[in-house]
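Chemist:
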Amino acid sequence: MVTNSNKEVFIMARDVRVAFKLAEDKKELLQQYADSYGITMSALCALIVGQWLHQQENVAKPILNSVTEVVRETVRKELENEESLEVLLRKALETDRK
236 MVTNSNKEVF
246 IMARDVRVAF
256 KLAEDKKELL
266 QQYADSYGIT
276 MSALCALIVG
286 QWLHQQENVA
296 KPILNSVTEV
306 VRETVRKELE
316 NEESLEVLLR
326 KALETDRK
């Protein structure tokens, strides 16, 4: 999508061919679904891949980012605690030497 002044202009991406291997039974199942929806198997595969990509970007990726941030914060706090403990141990050892 490109914004031009106050208008939104949608630019269609050029379609490309993607080839992949699939077990015969899965191909037959895809064909059955495509037939039941009244679309080609290619269109069904494009729909499936598009939905999966959308889900990754809008559901999985935000969850992963949130979990990553929680892990980072937890690790940071643990490292701070470890550094604090190390400082306390050093002070205790210095006090024992005196």
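Position one of the sequence shown corresponds to residue 236 (this note's numbering), numbered consecutively onward.
Beta carbons: idealized from backbone N, C-alpha and C, even for Gly.
1) May I have the straight-line CA-CA distance separating I283 from K296, to the nearest angstrom?
2) Run through the segment 276–304 for me and flag every whole alpha helix (DSSP H) of 4 or more residues, listed as ranges in chain order.
3) Assuming contact is defined by CB atoms lying nearer than 9 angstroms, are L279 and A269 in contact in what I supplied?
4) Would you kindly check if the distance between the Cβ of K262 and the Cβ of M276 is under 9 angstroms?
5) With DSSP as the reference, label A248 as helix, strand or coil.
6) Rounded to a whole number of angstroms, what is the C-alpha to C-alpha distance between R332 and E313?
Modeler: Per the coordinate set shown:
1) About 18 angstroms.
2) If we require 4 residues or more, the alpha helix (DSSP H) runs fully inside the segment 276–304 come out as 276–290.
3) For L279 and A269, yes; Cβs fall inside 9 angstroms.
4) Yes. Within cutoff.
5) Of the three classes helix, strand and coil, the one that applies to A248 here is coil, per DSSP.
6) Straight through space, the alpha carbons of E313 and R332 are spaced by roughly 29 angstroms.
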